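Student: Sharing a structure here in structure tokens format.
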Amino acid sequence: MRVGAALPPSVSSIDEIEDRLRERRYIGDRALATAIFLGLRLEKPLFIEGEAGVGKTEAAKVMADVLGARLIRLQCYEGIDLAHAVYEWNYPRQLLHIRLLDETADRRLAEREIFSPEFLLRRPLLDAIDNDDPTPPVLLIDEIDRSDEEFEAFLLELLSDFQVSIPEIGTIKAKKPPFVVITSNRTREVHDALKRRCLYHWIDYPNLDKEVEIVRARAPEAADGLAREVAALVQGLRSMDLYKVPGVAETLDWARSLAALGATRIDNSLVDATLGAALKYQEDLERVREKVPDLVAQAKRA
Amino acid sequence: MRDEGAPANVDLLPRLSAFAHLLHDAGIEAGPRRLTDAARALNHIELSREADFRAALRTVFVSRKEDIPTFEAAFDIFWAPPDPRVSAGTIPGRSRSLPMAPERARAWSAALGLNASQMNREQEARSVPASSSGYSAEELLRHKDFDEMTWQETEQVRRLLEQAAWRVAERRTRRMRPSRLGSIDLRRSARHAIRSSGELMRLFHRRPRMRRRPLVLICDVSGSMERYSRLLMIFAYAIARREDLEAFVFSTRLTRITRQLRQRDIEKALDSVSKGVHDFSGGTRIGDALADFNRHWARRVLGHGAVVIIISDGWDRGDPAQLTAELIHLRRSAHRLIWLNPLIGSEGYQPLTRGMAAALPYTDDFLAAHNVQALDDLGRLLGGLGRRGSRARV
Numbered sequence: 243m244r245v246g247a248a249l250p251p252s253v254s255s256i257d258e259i260e261d262r263l264r265e266r267r268y269i270g271d272r273a274l275a276t277a278i279f280l281g282l283r284l285e286k287p288l289f290i291e292g293e294a295g296v297g298k299t300e301a302a303k304v305m306a307d308v309l310g311a312r313l314i315r316l317q318c319y320e321g322i323d324l325a326h327a328v329y330e331w332n333y334p335r336q337l338l339h340i341r342l343l344d345e346t347a348d349r350r351l352a353e354r355e356i357f358s359p360e361f362l363l364r365r366p367l368l369d370a371i372d373n374d375d376p377t378p379p380v381l382l383i384d385e386i387d388r389s390d391e392e393f394e395a396f397l398l399e400l401l402s403d404f405q406v407s408i409p410e411i412g413t414i415k416a417k418k419p420p421f422v423v424i425t426s427n428r429t430r431e432v433h434d435a436l437k438r439r440c441l442y443h444w445i446d447y448p449n450l451d452k453e454v455e456i457v458r459a460r461a462p463e464a465a466d467g468l469a470r471e472v473a474a475l476v477q478g479l480r481s482m483d484l485y486k487v488p489g490v491a492e493t494l495d496w497a498r499s500l501a502a503l504g505a506t507r508i509d510n511s512l513v514d515a516t517l518g519a520a521l522k523y524q525e526d527l528e529r530v531r532e533k534v535p536d537l538v539a540q541a542k543r544a
Numbered sequence: 165m166r167d168e169g170a171p172a173n174v175d176l177l178p179r180l181s182a183f184a185h186l187l188h189d190a191g192i193e194a195g196p197r198r199l200t201d202a203a204r205a206l207n208h209i210e211l212s213r214e215a216d217f218r219a220a221l222r223t224v225f226v227s228r229k230e231d232i233p234t235f236e237a238a239f240d241i242f243w244a245p246p247d248p249r250v251s252a253g254t255i256p257g258r259s260r261s262l263p264m265a266p267e268r269a270r271a272w273s274a275a276l277g278l279n280a281s282q283m284n285r286e287q288e289a290r291s292v293p294a295s296s297s298g299y300s301a302e303e304l305l306r307h308k309d310f311d312e313m314t315w316q317e318t319e320q321v322r323r324l325l326e327q328a329a330w331r332v333a334e335r336r337t338r339r340m341r342p343s344r345l346g347s348i349d350l351r352r353s354a355r356h357a358i359r360s361s362g363e364l365m366r367l368f369h370r371r372p373r374m375r376r377r378p379l380v381l382i383c384d385v386s387g388s389m390e391r392y393s394r395l396l397m398i399f400a401y402a403i404a405r406r407e408d409l410e411a412f413v414f415s416t417r418l419t420r421i422t423r424q425l426r427q428r429d430i431e432k433a434l435d436s437v438s439k440g441v442h443d444f445s446g447g448t449r450i451g452d453a454l455a456d457f458n459r460h461w462a463r464r465v466l467g468h469g470a471v472v473i474i475i476s477d478g479w480d481r482g483d484p485a486q487l488t489a490e491l492i493h494l495r496r497s498a499h500r501l502i503w504l505n506p507l508i509g510s511e512g513y514q515p516l517t518r519g520m521a522a523a524l525p526y527t528d529d530f531l532a533a534h535n536v537q538a539l540d541d542l543g544r545l546l547g548g549l550g551r552r553g554s555r556a557r558v
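Note that the protein sequences, when read in sequence, are chains A and B. Start counting at 1 in the first sequence, then tack on 242, and there's your number in the working numbering. Start counting at 1 in the second sequence, then tack on 164, and there's your number in the working numbering.
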């Protein structure tokens, strides 16, 4: 097998991935670009972990865009099973079809007919494996920590040979395996065997300059001064002792809310009124409310 | 396109393999598969860019956040450019240490040409935790060996605990399974109907699959709890054998011991717990420990309707208001909050300690934990856990 067959010829270096992420207004670090690049080159799934709201899902979306590939997303949840993740027969249609046959029809032929791909409901995983795309799709398995062990075990199998067998049809093997991105919020530990198959990347909270850059790129409606002050505010909040520390998604929400209110700079009353965009626990809100003037002053100095 | 088999730099392979070995000794999984991946990865990057080199090896060898600092330290120690000044300990890149046994560390420092005494000093420095609070003056930094505690019936107790018949109660999951009773499984029924030419000949049923609730144990091992520590660790070990258990201990700080308890041999498990916990028999700050738990662990271990068990005598030197606030938060995120107090067994005990008085209103159950019988009672409670409301109080 040729190395990097999955890679469009135009993506030839880490620099290029970095540039392309940036063009698409995704401000990541070089280590992420390296992990993506190696994932494509070694044809290994990429396992991205990080706290909620640091841009894990977004990374996969932008990547599909970078590669010019289709994004197929599987959102995990507790109890997700093969019927929801891989395929299911369209039973109502099959029943209808068989009922409408007249007496003389060949039953055996009819049965073969209703178990043909036409009656198959394709779910994301089958879709990703059975693809004819010129560039293989990006398969995003989102929030795997929400699924259960049974599903993890199945994924492990799928990721090792990229094939699915459907008893009535046969085994379907990927012509070109999709590029797989798995994300986890770490609400539980994902099994080592699954992680072992993947390249791993931990997305941390960005530092101040990077966060300012992210706000400017993704919430351009916020004025420059506002972008910097909001980013600095959130950095201040992250150093506090809170139940739920705000992520980058919260920074963006906050900047957008303030911009929508017509603010170009922050002040105590504006921050107090919009604190809910960043903090989601009552205890955290109470704790921070007392300190708003300090936080604002500190953010203005940053 | 370069060929996969031949590495870009042949000289690199033995060094890479030595690095994998170092990672392995430092507790990171670095088997042949990962080594192969690493060698392949290096074919695709510019080796002269240190940041890329580092990121490439990290993405291959690391698979959990906790291992990142270990990896970074190993990388710094191993790949730092050789420099005569190293032995003087002035190169920041090399003034790192790794979590491994001192004799292993000595062997590595010799192999890497590091000054042995420097590495040893760092190893020793590591075993003294940085002061995490202003309370550290009273934090008793003793490396308590379990064997020194006298508990005559240890063996007997362990056997009793391992044989105990109870299991933690189950909860409904969202996954369905076939069953004779329960709601109708339309999918299976329809499928069967198609086989019989569209006639609905037979109805199939399904119902939710049941699973045991996860248990989270948060155990006080401070000075006042000293005489119970070993027994309670045996208790934790016995539960970990058969239940889905996350275990933590605290005195002035919170330490997770889940991985240590998973070892097959009980003595080894207890030994690695005592090595991993640095403040056995220190002071007690329950509020701090729970605050740490609520912020850093609750979201990770309290999914799927977990039952939380706190074992403490409630002798607390922290702020009762903080303890109350953290308990309220904890109780909201747990399916059930059980407090075990070994003192309950003693004659005429009243929960009057400040900590206990603060905690009592916010626990679902308040039970004894002073002997095997009491732990057995706990087991029965865990086995019968249904809805909230039916509280057990002493």
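Backbone N, C-alpha and C define an ideal beta-carbon position, used for all residues, glycine too. All values reported here derive from a predicted model rather than from experimental measurement.
1. Report the rounded CA-to-CA distance for Glu293 of chain A versus Arg463 of chain B, giving the unit in angstroms.
2. Output the distance between the C-alpha atoms of Ala220 of chain B and Arg449 of chain B, rounded to the nearest integer angstrom.
3. At what residue ranges does the stretch 418 to 502 of chain B contain a whole run of the alpha helix (DSSP H), taking only runs of 4 or more?
4. So Ala327 of chain A and Leu367 of chain A are in contact, right, with Cβ under 8 angstroms, and what is the actual spacing, rounded?
5. Answer yes or no: does any C-beta atom of chain A fall closer than 8 angstroms to that of Gly467 of chain B?
6. Any Cβ of chain B within less than 8 angstroms of the Cβ of His443 of chain A?
7. Indicate the three-state DSSP secondary structure (helix, strand or coil) for Arg355 of chain B in the structure shown.
8. Measuring CA to CA, which of B:Val465, B:Trp243, B:Lys229, B:Thr419 is closest to Ala215 of chain B?
9. Here's a check: name, in chain order, each residue in its chain whose Cβ is nearer than 7 angstroms to the Cβ of Trp315 of chain B, leaving out the five neighbours to either side.
10. What separation, rounded to the nearest whole angstrom, lies between the Cα atoms of Gln336 of chain A and Ile290 of chain A?
11. Using 8 angstroms for Cβ pairs, my map puts Glu410 of chain B next to Val465 of chain B. What's the rounded Cβ distance?
12. Determine whether the Cβ of Asp483 of chain B lies closer than 8 angstroms to any Cβ atom of chain A.
13. Please tell me whether Glu291 of chain A has its Cβ less than 8 angstroms away from any Cβ of chain B.
14. Using three-state DSSP, classify Pro419 of chain A as helix, strand or coil.
15. May I ask you to verify whether the stretch 466 to 475 of chain A touches the stretch 534 to 542 of chain A, counting CB pairs closer than 8 angstroms and requiring at least 3?
16. Can you name the residues that DSSP bridges to His326 of chain A?
17. Could you tell me if Glu265 of chain A is buried or exposed, where buried requires 16 or more neighbouring beta carbons within 10 angstroms of its beta carbon?
18. Secondary structure at Ile545 of chain A, three-state DSSP: helix, strand or coil?
19. Count the other CB atoms within 10 Å of the CB of Lys415 of chain A; is the residue buried (16 or more) or exposed (fewer)?
20. Got a sec: is the Cβ-Cβ distance from Asp375 of chain A to anything in chain B below 8 angstroms?
21. Just checking: is the beta-carbon of Val609 of chain B within a distance shorter than 8 angstroms of some beta-carbon in chain A?
22. Closer than 9 angstroms by beta-carbon distance: list the chain A residues that pair up with Gly440 of chain B, in chain order.
23. Please work out which residues of its chain come closer than 7 angstroms, Cβ to Cβ, to Arg315 of chain A, disregarding the five sequence neighbours upstream and downstream, and give them in chain order.
24. With a threshold of 8 angstroms on Cβ separation, who are the neighbours of Ala532 of chain B within its own chain once the five nearest residues in sequence on each side are excluded?
25. Residues of chain B with a CB under 7 angstroms from the CB of Leu284 of chain A: which are they?
26. Could you tell me the distance, in whole angstroms, from the CA atom of Asn510 of chain A to the CA atom of Val534 of chain A?
27. Which residues does DSSP list as the beta-bridge partners of Tyr442 of chain A?
28. I need the straight-line Cα distance from Ser426 of chain A to Asp387 of chain A, nearest angstrom please.
29. Say whether chain A places a C-beta atom closer than 8 angstroms to the C-beta of Val413 of chain B.
30. Exposed or buried, which one is Pro503 of chain A when buried takes at least 16 other CB atoms within 10 Å?
31. With DSSP run on the structure shown, which of helix, strand or coil describes Gly412 of chain A?
32. Nearest-angstrom Cα distance between Met340 of chain B and Arg341 of chain A?
33. Going by beta-carbon coordinates alone, are Leu379 of chain B and Ile473 of chain B separated by less than 8 angstroms?
34. In or out: Arg366 of chain B buried (at least 16 other Cβ within 10 Å) or exposed?
35. Is DSSP giving Asp375 of chain A helix, strand or coil here?
36. Tell me the DSSP bridge mates of Met340 of chain B?
Tutor: This is what the structure holds:
1. Their backbone Cα atoms lie some 10 angstroms apart in a straight line.
2. Distance between the alpha carbons of Ala220 of chain B and Arg449 of chain B: 42 angstroms.
3. As far as the stretch 418 to 502 of chain B is concerned, its whole alpha helix (DSSP H) runs of at least 4 residues are 422 to 425, 430 to 440, 450 to 460, 462 to 465, 484 to 497.
4. So it is a contact: roughly 5 angstroms between Cβ atoms.
5. Gly467 of chain B belongs to the set of residues whose beta carbon lies under 8 angstroms from a beta carbon in chain A.
6. Chain B contact via Cβ: present.
7. Arg355 of chain B falls in the helix class under three-state DSSP.
8. Comparing Cα-Cα distances from Ala215 of chain B to each of B:Val465, B:Trp243, B:Lys229, B:Thr419, the minimum goes to B:Trp243.
9. Summary for Trp315 of chain B: the model assigns pLDDT 42, below 50, so the residue's position carries little reliability; its value from the coordinates is reported in the next sentence. For Trp315 of chain B, where only same-chain residues beyond five positions count, the Cβ hits under 7 angstroms are Arg394, Leu395.
10. Going from the Cα of Gln336 of chain A to the Cα of Ile290 of chain A covers about 40 angstroms.
11. Between Val465 of chain B and Glu410 of chain B the Cβ distance is about 4 angstroms, and since that is below 8 angstroms, they are a contact.
12. Taking Cβ atoms only, chain A never reaches closer than 8 angstroms to Asp483 of chain B, which makes this a no.
13. At a cut-off of 8 angstroms between beta carbons, Glu291 of chain A contacts chain B.
14. In the three-state reduction of the DSSP assignment, Pro419 of chain A falls in the coil class, being assigned neither a helical nor a strand state.
15. Verdict: yes, contact present.
16. Bridge pairing for His326 of chain A: absent [DSSP].
17. Classification for Glu265 of chain A: exposed.
18. Absent from the model: residue 545 of chain A. The displayed extent of chain A is 243 to 544, so no value can be given.
19. Per the 10 Å Cβ criterion, exposed.
20. Not a single CB atom of chain B sits nearer than 8 angstroms to the CB of Asp375 of chain A.
21. This structure cannot settle anything about residue 609 of chain B, because the visible part of chain B is limited to 165 through 558.
22. None at all; the shortest Cβ gap to chain A is about 17 angstroms.
23. Excluding positions up to five away in sequence, the list reads Pro366, Leu382, Asp384.
24. So the qualifying residues of the chain are Leu504, Asn505, Pro506, Ile508, Gly509, Ala538, Asp541, Val558.
25. Neighbours of Leu284 of chain A on chain B, chain order: Asp201, Arg204, Ala205.
26. If you draw a straight line from the Cα of Asn510 of chain A to the Cα of Val534 of chain A, it comes to about 6 angstroms.
27. Answer is A:Phe289.
28. Distance between the alpha carbons of Ser426 of chain A and Asp387 of chain A: 5 angstroms.
29. Output row for Val413 of chain B: interface = no.
30. The amino acid occupying residue 503 of chain A in the given sequence is Leu; Pro does not appear at that position. By the 16-neighbour rule on beta-carbons within 10 angstroms, Leu503 of chain A is exposed.
31. Residue state, collapsed to three classes: strand.
32. Straight-line Cα distance between these residues: approximately 29 angstroms.
33. In this structure, Ile473 of chain B lies closer than 8 angstroms to Leu379 of chain B by Cβ.
34. The residue in question, Arg366 of chain B, is exposed, as its Cβ has fewer than 16 Cβ neighbours within 10 Å.
35. Here DSSP, grouped into helix, strand and coil, assigns Asp375 of chain A to coil.
36. Note: Met340 of chain B sits in a beta bridge opposite B:Pro372.
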